[in-house]
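Below is one structure; the comments refer to it alone.
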Amino acid sequence: QKEVEQNSGPLSVPEGAIASLNCTYSDRGSQSFFWYRQYSGKSPELIMFIYSNGDKEDGRFTAQLNKASQYVSLLIRDSQPSDSATYLCANRGFSSNTGKLIFGQGTTLQVKP
Amino acid sequence: GAGVSQSPSNKVTEKGKDVELRCDPISGHTALYWYRQRLGQGLEFLIYFQGNSAPDKSGLPSDRFSAERTGESVSTLTIQRTQQEDSAVYLCASSEGRGSNQPQHFGDGTRLSIL
């Protein structure tokens with residue numbers, strides 16, 4: 001079992017819809033979770049991070065964390081074609097004293113006009 | 114600087130040659146990380162620096178890989194006797210510290226192609 005798992009997609013949604021991206025993780029001691037957006041040929045760009053159970057909202061983006069079920073999700077409201085990219089989920093484990101991130105392989109999102 | 118800077122942006126070399134990849138972190142960031150991303154894959158951790166020391170080298174795939182950091186700033190990742198499986202994008206990230214609430218910011222990466 002991979003430490004961080006994501007459905008590779010592609011996930012296709014129409015413009016204006018809500019895109020829901022999901023991620024599960026195996027390390028129960030994971031402390032913090034990050035969502036990065038990566039356009040083709042570009043470097044990952046941090047979108048959101050979350051540490052506590054529940055929801056965290058930032059503009060059109062909402063991160064949701066459920067530690068009991070070991071999943072974290074990212075909702076994108078009013079999706080735009082410019083949101084089309086690969087979304088990488090990453091976590092940092094409790095036992096990690098280095099801060100290194102463990103990444104999933106990413107979900108490709110396609111927003112169709 | 115304003116962001117993490119990496120050079121070269123692209124490197125093509127023949128199998129068996131040595132390569133050096135450079136990373137300039139965000140000014141003042143004490144933590145520096147190297148990751149590797151193969152085509153269509155997520156990022157694999159290689160090595161972590163806190164200041165000039167590397168307390169976690171657990172991701173380096175073989176002894177052909179080494180890295181150093183000087184002046185608590187620039188870092189160089191060296192790959193000796195390159196192999197075709199080394200072809201990937203090598204990404205550098207920095208953060209203010211290693212604490213769990215410190216997000217990592219990435220450079221644009223070096224795309225390495227081994228012929």
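Residue numbers (the numbering used here), protein chains in the order written: chain U, 1 to 113; chain D, 114 to 228.
No residue lacks a Cβ here, since even glycine has one placed at the ideal position from N, Cα and C.
Asked                                                                                                                                : Found
For the stretch 154-166 of chain D, enumerate the residues whose C-beta is nearer than 7 Å to any C-beta of chain U, in chain order. : Gln154, Gly155, Leu156, Phe158, Tyr161
Would you say Pro216(D) faces chain U, with C-beta separation under 8 Å as the test?                                                 : yes
Should Val202(D) and Gln150(D) be called a contact, given that it needs their Cβ atoms to be closer than 8 Å?                        : yes
Short of 8 Å Cβ to Cβ, which residues in the stretch 41-54 of chain U face chain D?                                                  : Lys42, Ser43, Pro44, Glu45, Leu46, Phe49, Tyr51
Is there a Cβ of chain D sitting closer than 8 Å to that of Gln70(U), yes or no?                                                     : no
In the DSSP output, what is His218(D) paired with across the bridge?                                                                 : Ser207(D)
For Pro81(U), which three-state DSSP category applies?                                                                               : helix
Return the CA-CA distance between Lys100(U) and Ser12(U), expressed in angstroms with no decimal places.                             : 31 Å
Looking at Ser122(D) and Asp221(D), is the spacing between their C-beta atoms short of 8 Å?                                          : yes
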